[in-house]
Amino acid sequence: MATLQLNHIARETSDVARLAAFYEAVLGFERIPSPTYSGFQVAWLRLPSSPDVALHLIERDPAAAPVAVGPGAEGAPPSQLPRRHHLAFSVADYDGFVTGLKARGTDVFEKSQPDGRTRQVFFFDPDDEEDLVFTKLGLDVPS
832 MATLQLNHIA
842 RETSDVARLA
852 AFYEAVLGFE
862 RIPSPTYSGF
872 QVAWLRLPSS
882 PDVALHLIER
892 DPAAAPVAVG
902 PGAEGAPPSQ
912 LPRRHHLAFS
922 VADYDGFVTG
932 LKARGTDVFE
942 KSQPDGRTRQ
952 VFFFDPDDEE
962 DLVFTKLGLD
972 VPS
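FYI, this note's numbering numbers position 143 of the sequence shown as 974, with every residue one higher than the one before it.
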């Protein structure tokens, strides 16, 4: 079997600039060169600590049928997020990150895994369609 490596994650959005600004300001992503398409906007981003994996933000086609989402996805409280699809990231300064989210007025839901070493914060990005998860794995997270 071939060895696979993650190349990118694609997210569609109605507002590429707004979502890119969120990922840059809150999550530390940086813009990388992206192609120019006729008729729709894109932004390619990456985390400096993960240069081989990109996040592709793509303007949603307003003529396309909406993608079905899970029950209660739109407007669901963050406490319902742990079992939904999500992006997960590790962070060395968990408490500082959560403080920053709260200072921005972001609704969060925090929980710990049964092992007691994994703390998680769940929250929505500006599109309110998918959630993001930052996880601190106790002493296992590189600083």
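Ideal Cβ positions, reconstructed from N, Cα and C, are used throughout, including at glycine.
Asked	Found
For chain D, is any of its Cβ atoms less than 8 angstroms away from the one on alanine 919?	Here there is only one protein chain, and chain D is not present.
Give me whichever residues DSSP pairs with threonine 844 in a beta bridge.	Glu890
Do phenylalanine 853 and leucine 878 count as a contact pair if the criterion is CB distance below 8 angstroms?	no
Take the Cβ of glutamine 951 as the centre, count every other Cβ of all protein chains shown within 10 Å, and call the residue buried at 16 or more, exposed below.	buried
What did DSSP end up calling aspartate 926 once you bin it into helix, strand or coil?	helix
Determine the direct distance from the alpha carbon of serine 880 to that of alanine 899, and round the result to whole angstroms.	Low local confidence applies: a pLDDT of 49 at alanine 899 is under 50, so the model's placement there is unreliable, with the coordinate-based value given in what follows. Their Cα atoms are separated by approximately 33 angstroms.
Please check the pair leucine 876 and isoleucine 863, which I expect to be a contact at CB under 8 angstroms, by giving their CB distance rounded to whole angstroms.	7 angstroms
Between which two residues does the beta strand (DSSP E) carrying serine 943 extend?	940-943
Pull up the CB-CB distance for glutamate 941 and valine 929, whole angstroms please, since I reckon it's below 8 angstroms.	7 angstroms
Taking C-alpha atoms, which residue in Gly870, Asp846, Gly947 and Ala885 lies nearest to glutamine 836?	Ala885
Taking only the alpha-carbon atoms, compute the straight-line gap between isoleucine 889 and serine 943 and give it to the nearest angstrom.	33 angstroms
With 16 other CB atoms within 10 Å as the buried threshold, where does phenylalanine 871 fall?	exposed
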